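Numbering (the UniProt record's numbering), first residue to last: 1 to 488.
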């Protein structure tokens with residue numbers, strides 16, 4: 001009789017054992033499929049998060065490393081702050097994956113022939129009860145000995161349309177034009193609508209700005225007026241009107257260096273490189289290493305901290321799913337080995353008879369493997385439906401738990417470090433609000449895909465073959481005579 005036919009007859013006659021085997025295989029298949037589906041969903045969610053954050057990479061000074069060096073040297077005043085120059089930034093702009101780039105410089109200064117926009121809090125705090133003006137507050141800028149309070153801020157760029165505020169709609173040009181590449185080296189500026197309104201300025205007007213130490217004064221021509229989105233216009237920094245978006249003046253990046261330092265320097269705050277695809281970010285970082293960019297002094301940031309915060313919970317779920325697949329596969333194989341080994345005790349005589357009749361050991365093993373495979377195929381097919389439901393529920397539950405743990409950890413951290421520390425103002429400062437307000441990925445689309453089923457089939461085939469072959473080989477190592485003589 002053909003071993004395939006014998007396998008089917010064996011399954012039909014031993015219904016209880018076949019049912020037990022089916023249930024075990026169905027549980028294994030469901031758990032493996034849950035793990036595989038969650039892995040696939042995790043990968044998709046992380047890719048979407050990366051796309052949401054954009055495909056740009058920012059080269060800037062490694063502030064954390066610099067502060068560590070200052071603390072270690074204990075020479076805060078004498079420690080020289082590293083500078084990022086256009087010469088360094090130029091080494092990366094020709095990478096094959098870079099579609100555009102932008103050089104950004106920032107600084108602070110004083111308004112000479114116009115007034116900055118003052119908040120109500122600032123106006124109240126700078127006037128005494130008798131109506132007398134209080135002395136202006138003082139602060140120290142990062143990397144500078146200047147202690148005068150600025151009135152306005154400068155933002156230098158190659159082109160305003162490359163800045164995130166203008167790209168995402170937080171700011172928009174309402175009159176005139178923005179800064180363009182052709183404006184390099186020109187004393188032109190784009191000012192905010194409220195600043196223009198309070199000073200009766202328009203496109204073509206001339207304004208004078210000065211460095212905080214008042215050693216340098218420049219006259220700028222207003223070429224454009226922009227408007228800040230109302231949701232972004234709130235100034236949370238009392239007595240620091242220069243940080244208000246209303247008092248931000250855009251100009252060519254090299255002009256900012258000129259008014260801030262008094263020199264036509266090629267120093268910039270950061271360089272932003274726009275990739276053709278977010279998948280090429282890591283290869284770009286490798287390219288930078290090969291170009292001998294000192295990644296101790298400088299850092300290449302692709303919104304890595306925001307990305308980590310966003311995908312932290314789903315990456316933990318993905319890590320758990322990998323462990324789940326490995327654990328279930330190993331444990332499932334061991335359980336199947338035990339079940340099949342126990343069932344073979346009742347089939348030793350059958351195996352002995354088959355071998356004595358001249359059936360090859362290979363066909364005997366094949367029959368037992370086919371029996372398990374037939375049951376497994378039904379179990380795996382069923383799991384395509386039951387596994388999808390289980391994957392959704394388990395995936396959502398795991399993610400919700402991870403989000404709860406993450407939020408609890410963040411709350412505790414805020415309580416531990418809730419006190420307001422000294423404010424550091426200057427180029428390269430970290431945007432802590434952006435990090436704080438990063439949206440954690442709170443849902444993922446867990447569903448069984450064709451690729452998941454293919455992986456399940458591969459893993460299942462290995463489990464079935466291993467679990468059926470191992471106990472069978474232990475029986476077949478004896479001769480037919482030995483097997484038949486030991487019949488119980």
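Beta carbons are placed, not taken as given, at the ideal position from N, Cα and C, and that holds for glycine.
All of these numbers come straight from a predicted model, not from anything done at the bench.
{"Asked": "Using DSSP's beta-bridge definition, name the partner residues of residue 225.", "Found": "175, 191"}
{"Asked": "For the beta strand (DSSP E) that residue 300 lies in, which residues bound it at each end?", "Found": "298-301"}
{"Asked": "Mind reading off the beta-carbon distance from residue 45 to residue 391? Whole number of angstroms is fine, and I expect it under 8 angstroms.", "Found": "14 angstroms between Cβ atoms; not a contact."}
{"Asked": "How should residue 13 be labelled, buried or exposed, when 16 other C-beta atoms within 10 angstroms of its C-beta is the threshold for buried?", "Found": "exposed"}
{"Asked": "Since I believe residue 174 is in contact with residue 226 (beta carbons under 8 angstroms), could you give me their beta-carbon distance rounded to a whole number of angstroms?", "Found": "6 angstroms"}
{"Asked": "Cutting at 6 angstroms between CB atoms, please list the residues of its own chain near residue 489, excluding the five before and the five after it.", "Found": "Outside the displayed range of the chain (1 to 488) lies residue 489, so it cannot be described from this structure."}
{"Asked": "Could you give the C-beta distance for residue 463 and residue 329, rounded to a whole number, given that I count them as a contact under 8 angstroms?", "Found": "6 angstroms"}
{"Asked": "Can you find the residues in the same chain that come closer than 7 angstroms, C-beta to C-beta, to residue 211, ignoring five residues on each side of it along the sequence?", "Found": "109, 259, 260, 262"}
{"Asked": "Where residue 39 and residue 338 are concerned, what is the direct C-alpha to C-alpha distance, given to the nearest angstrom?", "Found": "29 angstroms"}
{"Asked": "Return the chain-ordered ranges of every alpha helix (DSSP H) run that is complete within the UniProt domain \"ABC3 transporter permease C-terminal\" (325-399) and spans a minimum of 4 residues.", "Found": "348-356"}
{"Asked": "By Cβ distance, which residues of its chain are closer than 7 angstroms to residue 181, with the 5 residues on each side in sequence left out?", "Found": "158, 159"}
{"Asked": "By the DSSP assignment, the alpha helix (DSSP H) with residue 59 in it spans what residues?", "Found": "First-last for residue 59: 56-61, but that is the beta strand (DSSP E), not the alpha helix (DSSP H)."}
{"Asked": "Where does residue 312 fall in DSSP's three states?", "Found": "helix"}
{"Asked": "Looking at the structure shown, is residue 52 part of a helix, part of a strand, or coil, going by DSSP?", "Found": "helix"}
{"Asked": "Given that a residue counts as buried once 16 or more other Cβ atoms are within 10 Å of its Cβ, and exposed if not, what is residue 397?", "Found": "exposed"}
{"Asked": "Near residue 299, which residues of its chain fall below 7 angstroms by C-beta distance, leaving aside the five closest residues on each side in sequence?", "Found": "60, 62"}
{"Asked": "To the nearest angstrom, report how far apart residue 412 and residue 207 are at their CA atoms.", "Found": "Residue placement at residue 412 is poorly supported in this model, since its pLDDT is 46, which falls under 50; the coordinates still yield a value, given next. Their backbone Cα atoms lie some 48 angstroms apart in a straight line."}
{"Asked": "Could you name the residues that DSSP lists as bridge partners for residue 156?", "Found": "105, 251"}
{"Asked": "Measure from the alpha carbon of residue 491 to the alpha carbon of each residue in 471, 371, 302, 280, then state which is nearest.", "Found": "Given a span of 1 to 488 for the chain in the structure shown, any question on residue 491 remains unanswerable."}
{"Asked": "Taking the alpha carbon of residue 384 as the reference point, which residue from 451, 280, 20, 340 has its own alpha carbon closest?", "Found": "451"}
{"Asked": "Hey, would you say residue 179 sits closer than 8 angstroms to residue 251, going by beta carbons?", "Found": "yes"}
{"Asked": "Where does residue 149 sit, in a helix, a strand or coil, going by DSSP?", "Found": "coil"}
{"Asked": "Of the residues 302, 155, 268, 267, which one's Cα is nearest the Cα of residue 244?", "Found": "155"}
{"Asked": "With a cut-off of 8 angstroms on the beta carbons, I'd call residue 267 and residue 92 a contact; round off their distance for me.", "Found": "Not confirmed; about 17 angstroms, so no contact."}
{"Asked": "Closer than 8 angstroms by C-beta to residue 20: which residues in its own chain qualify, once you throw out the five before and the five after it? Chain order, please.", "Found": "339"}
{"Asked": "Is DSSP giving residue 293 helix, strand or coil here?", "Found": "coil"}
{"Asked": "With a CB to CB cut of under 8 angstroms and the five nearest residues on each side skipped, what residues in its chain are close to residue 202?", "Found": "175, 196, 222, 225"}
{"Asked": "Beta-carbon of residue 367 versus every beta-carbon of chain D: anything under 8 angstroms?", "Found": "Of the protein chains in this structure there is only one, and it is not chain D."}
{"Asked": "Note down, in chain order, each residue of its chain lying with its Cβ closer than 8 angstroms to the Cβ of residue 95, except the 5 sequence neighbours on either side.", "Found": "273, 284, 287"}
{"Asked": "Roughly how far, in whole angstroms, is the beta-carbon of residue 472 from the beta-carbon of residue 344, given that I think they are within contact range, below 8 angstroms?", "Found": "7 angstroms"}
{"Asked": "Who are the near neighbours of residue 433 in its chain, counting only those whose CB is closer than 6 angstroms to its CB and skipping five residues on each side?", "Found": "Unreliable placement is indicated for residue 433, whose pLDDT of 43 sits below 50; the coordinate value is still reported in the next sentence. Excluding sequence neighbours, residue 433 sits near nothing in its chain."}
{"Asked": "Please list, in chain order, all residues of the same chain as residue 366 whose beta carbon is under 6 angstroms from its beta carbon, the five residues on each side excluded.", "Found": "3"}
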